[in-house]
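Undergrad:
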Amino acid sequence: MQIGMSSAEKTCYHCALPVPASAHYPVVIEGESHEMCCRGCQAVAQTIVDNGLIDYYRHRTALPGVGHEVVPEEVQKLALYDHPGIQKSFVRQEGEHTKEASLILEGITCAACIWLNERHLKQLPGVLQVQVNYATHRARITWDDQAIHLSKILEEIQLLGYNAHPFSAERQETLRRKRRAKDLRRIAIAGLSSGQVMMLAVALYAGAAFGMEDSTAALLRYFSLLLTLPVVFYAALPFYQSAWNALLGKRLNMDVPVSLAVIGAFVGSAWATLQGHGVVYYDAITMFSLFLLSSRFLEHGAQEKSVEAAENLLKLAPAMATKVLDGGQHQPVPVLELNEGDTILAKPGESIAADAEVIEGESTVDEALLTGESRPVPKHAGAQVIAGSINLEGPLLLRVTGVGENTVLAGIVRLLDRAVAEKPRLAQLADRVAGHFTVGLLILTVIVGAVWWWLEPAQAFGIMLSVLVVTCPCALSLAAPTAFAAAGSHLLRHGILLTRGHALETLARVNHVVFDKTGTLTYGKPVLQRTITFSDVDEERCLLLAASLEQASEHPLAQSFLSRVAGTDLIAVQEAQNLPGKGVSGSIAGVRYTIGNTALSGLQPTTLPSDLPEGATLVWLCDERRAMAVFALSDGLRPQASELVVQLKAAGVQVTILSGDAADAVAHVAAEAGIESWQAALRPEDKLKALRELQQRGNVVAMVGDGVNDAPVLAGADVSIAMGGGTQVARASSDIVLLTENLLDIQRALQTGHASIAVMRQNFAWAVVYNLLALPFAAVGMIPPWLASIGMSTSSLVVVLNALRLR
466 MQIGMSSAEK TCYHCALPVP ASAHYPVVIE GESHEMCCRG CQAVAQTIVD
516 NGLIDYYRHR TALPGVGHEV VPEEVQKLAL YDHPGIQKSF VRQEGEHTKE
566 ASLILEGITC AACIWLNERH LKQLPGVLQV QVNYATHRAR ITWDDQAIHL
616 SKILEEIQLL GYNAHPFSAE RQETLRRKRR AKDLRRIAIA GLSSGQVMML
666 AVALYAGAAF GMEDSTAALL RYFSLLLTLP VVFYAALPFY QSAWNALLGK
716 RLNMDVPVSL AVIGAFVGSA WATLQGHGVV YYDAITMFSL FLLSSRFLEH
766 GAQEKSVEAA ENLLKLAPAM ATKVLDGGQH QPVPVLELNE GDTILAKPGE
816 SIAADAEVIE GESTVDEALL TGESRPVPKH AGAQVIAGSI NLEGPLLLRV
866 TGVGENTVLA GIVRLLDRAV AEKPRLAQLA DRVAGHFTVG LLILTVIVGA
916 VWWWLEPAQA FGIMLSVLVV TCPCALSLAA PTAFAAAGSH LLRHGILLTR
966 GHALETLARV NHVVFDKTGT LTYGKPVLQR TITFSDVDEE RCLLLAASLE
1016 QASEHPLAQS FLSRVAGTDL IAVQEAQNLP GKGVSGSIAG VRYTIGNTAL
1066 SGLQPTTLPS DLPEGATLVW LCDERRAMAV FALSDGLRPQ ASELVVQLKA
1116 AGVQVTILSG DAADAVAHVA AEAGIESWQA ALRPEDKLKA LRELQQRGNV
1166 VAMVGDGVND APVLAGADVS IAMGGGTQVA RASSDIVLLT ENLLDIQRAL
1216 QTGHASIAVM RQNFAWAVVY NLLALPFAAV GMIPPWLASI GMSTSSLVVV
1266 LNALRLR
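Using this note's numbering, you'd call the opening residue of the sequence shown number 466 and step up by one each time.
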């Protein structure tokens, strides 16, 4: 039985009540437009359509309540976003009650919009963190779900005059295209108007010089007024909106003087036109708007290109996956419906739908867009694959380990968002200077106007207008952000992920690089070369005990033992404890065992044979009273290590190794890599102490590491670099992640840091010099308003184009 379908009486499609004659609340359902009786029904119906639930109208057997009562405006629509099923695609569970959502904010026009949203939302009880990316308009909001629900946060955003919805790369691209089309429409209108107005202005200037009847001049002014109206009331709207939002937030931004200039010039010109005498500035208004809109369009284009690499990451994961059912049947399903533990099939040539573990099959996988590494990576049973990578050769049967916001891909994007949201010190300084400059500009404009009003009142208004326009601090505000965005995009394309805003400017000052050994200078995949036993327990039993204990460790050495023993043979370990920098301890069948370095057990090492592999790492297995066995493991040096050390030394950068490994192993690696300064057998706190000593000597230190025991020292370094294959803790503690694990990228990052700071200084110098040169000429009346608009726009374009050289 179908209820509530449209009829000749124009009843509401949703609740079947009569639609008032004056009402117009349409919703497109299955290609047809249907009228609703109120905004409430419109909001509910649109939500039902958006979520693919149109069958509700076909199968319902009773009508809903009245829309006015059920939905107060659109609050009820927002309440749907609290449903766990809808949140699955864009919300990540961070803790028991803590959630993080990835949203798109519509209506963002400038940095003041970002500030307003962040400040307001952070004041809400239960909102823990808010970060908005100005370049992409993407917001990440973390909240306590017990204290506040997502629907309330979205409602508060709407009350500010903005609109928020779940992030989708495809939807954001659609919004970007719409915004670009709207920007081009505004530019076209400003261009057409300015062209016509300039022709009339030439006639007016010529008439003033060679004679023109007053009635003809008045007619031309009126035509100019009409042609300027679309520019003032449509094309220039973004300037007013940005300025108004800034004033609401009790701030001044660059669009405040811009709006004052446009509105003031128009009001003054309109008054002169109506009075029949005085100077008109229609040509300056239209040209100023045209040039400023064009430069902003190019600026937005540069910003979009700077985040293009990040956006490409988001588009890698496919929308559909082939799910393997229990009976072996294959069923295409949306990726959003996958759960951890599901089995999926990745066919040759397909993008892998989720983070997963290979169950069956062998192939190679292209991870170039993720890591920048063009060489295909071989995959076999037990290997991990990343969502968005491309399966090149054979079919792979996969077990899903992460979907949606819990994938490596989503993690990379979160780190990128964090980097952009955390403004570098230079960018913060530029914002403060631009803010103070705007205040000073307005005060100076009033002073200049007052002086000219006293000297020559007829010239005062035009000169004030020129001063406002020519010194607009657009270039100053763009100097740092454009350079950082371009440099970040360049590094990401080479597999170098910036996760903190300060990383680039700190890299430019680094004069000392500290390396961990295992997993950093070496591959982090030690191979067990030899086992020596010192008790009646045989070698096979010692290896089993060692592997069982190492289940509790994330250290690269652990995999050397686990790979030698079948997972089904491992023994259960009670009270397992991972001691960073030492090893692992735990109880097996009531006996306490330790595996690690000699500092862990405290037992006196047994005399060792002299023929152990050179540079081998020694791992001791001990029970409560004796050393049972020692394992000799060796790890190969990365091929780029020696070349990197040569490059760093040539650049005047000192190099040191701080390792928790034994002295023999560290000395061997240091000799191979050409590093003279090294320390061994360090606990995490010892590494941090050594790092602090280097910093106290005036060094700016970059730390490179990959393991859990590196997290404290990574956090303590001036700038920290984590290997892409390292632990989650190490990556979370670092400022830069090397996705390719190519050590030479460290030198690339240092060079890019130096280049970006150089470009920023050039941009700042240009912005300051331009304003210092232009201001006096404008103040004495040598720069007319139309020329001032060209100068201001050119200044901004120079800054943007200079920054794009970093790409």
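C-beta: ideal position from N, C-alpha, C; glycine also.
Below 9 Å between beta carbons: does that hold for ILE928 and ALA1243?
TA: yes
Undergrad: Taking the CB atoms as reference points, tell me whether LEU619 and TRP608 lie closer together than 9 Å.
TA: In this structure, TRP608 does not lie closer than 9 Å to LEU619 by Cβ.
Undergrad: Would you list the one or two residues that DSSP bridges to THR1082?
TA: LEU1098
Undergrad: CB SER1203 to CB LEU972, shorter than 9 Å?
TA: The sequence shown places Leu at residue 1203, rather than the Ser named in the question. Not in contact: LEU1203 and LEU972 (Cβ atoms no closer than 9 Å).
Undergrad: Pick helix, strand or coil for GLY914, following the three-state DSSP scheme.
TA: helix
Undergrad: Quick test of the definition: if touching needs 3 or more C-beta pairs under 8 Å, does the segment 1009-1024 touch the segment 1046-1054?
TA: yes
Undergrad: Between the segment 644-656 and the segment 740-757, do three or more beta carbon pairs fall short of 8 Å?
TA: yes
Undergrad: Among SER658, GLY660 and THR681, whose alpha-carbon lies nearest the alpha-carbon of LEU669?
TA: THR681
Undergrad: Starting from PHE980, follow its DSSP beta bridges and name the residues at the other end.
TA: ILE1122 and VAL1169
Undergrad: Which residues bound the beta strand (DSSP E) around PRO799?
TA: 795-799
Undergrad: Under three-state DSSP, which class holds LYS812?
TA: LYS812 falls in the coil class under three-state DSSP.
Undergrad: May I ask you to list the residues that DSSP assigns as paired with ASP1151?
TA: Per DSSP, none; premise fails for ASP1151.
Undergrad: Keeping to the same chain, check which residues put their C-beta closer than 6 Å to that of LEU1209; ignore five residues upstream and five downstream.
TA: GLN1105 and LEU1109
Undergrad: Start and end of the beta strand (DSSP E) containing ARG1006?
TA: Segment 1004-1014 is the alpha helix (DSSP H) holding ARG1006; no beta strand (DSSP E) there.
Undergrad: Report buried or exposed for ASP1003, applying the criterion of at least 16 other Cβ atoms within 10 angstroms of its Cβ.
TA: exposed
Undergrad: Taking a contact to mean a Cβ-Cβ separation below 9 Å, would you say LEU1029 touches LEU1083 in this structure?
TA: Leu is not the amino acid found at residue 1029; the sequence shown has Arg there. For ARG1029 and LEU1083, no; Cβs fall outside 9 Å.
Undergrad: Ignore the nearest five residues each way along the sequence and tell me which others in ALA1128's own chain have a CB closer than 7 Å to its CB.
TA: ALA1145 and ALA1146
Undergrad: Taking 7 Å as the limit between beta carbons, can you name the residues of its chain near GLY1125, skipping five residues before and five after?
TA: GLY1046, ALA1146, LEU1147, ARG1148 and ASN1174
Undergrad: For the alpha helix (DSSP H) that contains SER707, what are its first and last residues?
TA: 702-713
Undergrad: Identify the continuous beta strand (DSSP E) that holds VAL1202 and give its terminal residues.
TA: 1201-1203
Undergrad: Leaving out five residues on either side along the sequence, give the residues of the same chain with a beta carbon under 6 Å from the beta carbon of PRO843.
TA: THR829
Undergrad: So, at 6 Å on beta carbons, what are the nonlocal neighbours of VAL592 in its own chain, with the 5 sequence-adjacent residues on each side left out?
TA: LEU586 and TRP608
Undergrad: State whether the segment 1110-1123 contacts the segment 1080-1094, with contact taken as three or more CB pairs (one from each stretch) at a distance under 8 Å.
TA: no
Undergrad: Starting from the C-beta of ALA612, find all residues in its chain whose C-beta is less than 7 Å away, skip the five residues before and the five after it, and write them out in chain order.
TA: PRO590 and GLY591
Undergrad: Please say whether ALA629 and ILE569 have beta carbons closer to each other than 9 Å?
TA: The answer is yes: Cβ separation under 9 Å.
Undergrad: Locate the beta strand (DSSP E) running through GLY927, then write down its first and last residues.
TA: That residue, GLY927, is in no beta strand (DSSP E); its alpha helix (DSSP H) goes 922-935.
Undergrad: What separation, rounded to the nearest whole angstrom, lies between the Cα atoms of THR1205 and THR866?
TA: Going by the C-alpha atoms only, they are around 22 Å apart.
Undergrad: In the DSSP output, which residue or residues are listed as bridge partners for GLU497?
TA: ILE494
Undergrad: The ligand SAM and THR983: does the residue's C-beta get closer than 8 Å to at least one heavy atom of that ligand?
TA: As for the ligand SAM, it is missing from this structure, which has no ligand bound.
Undergrad: Under a three-way DSSP split, which group does GLY826 fall into?
TA: Looking at GLY826 - three-state DSSP - the assignment turns out to be coil, as it is neither helix nor strand.
Undergrad: DSSP state of ASP1001, grouped into three classes?
TA: Secondary structure of ASP1001 (DSSP, three-state): coil.
Undergrad: Output the distance between the C-alpha atoms of CYS1007 and LEU1086, rounded to the nearest integer angstrom.
TA: 8 Å
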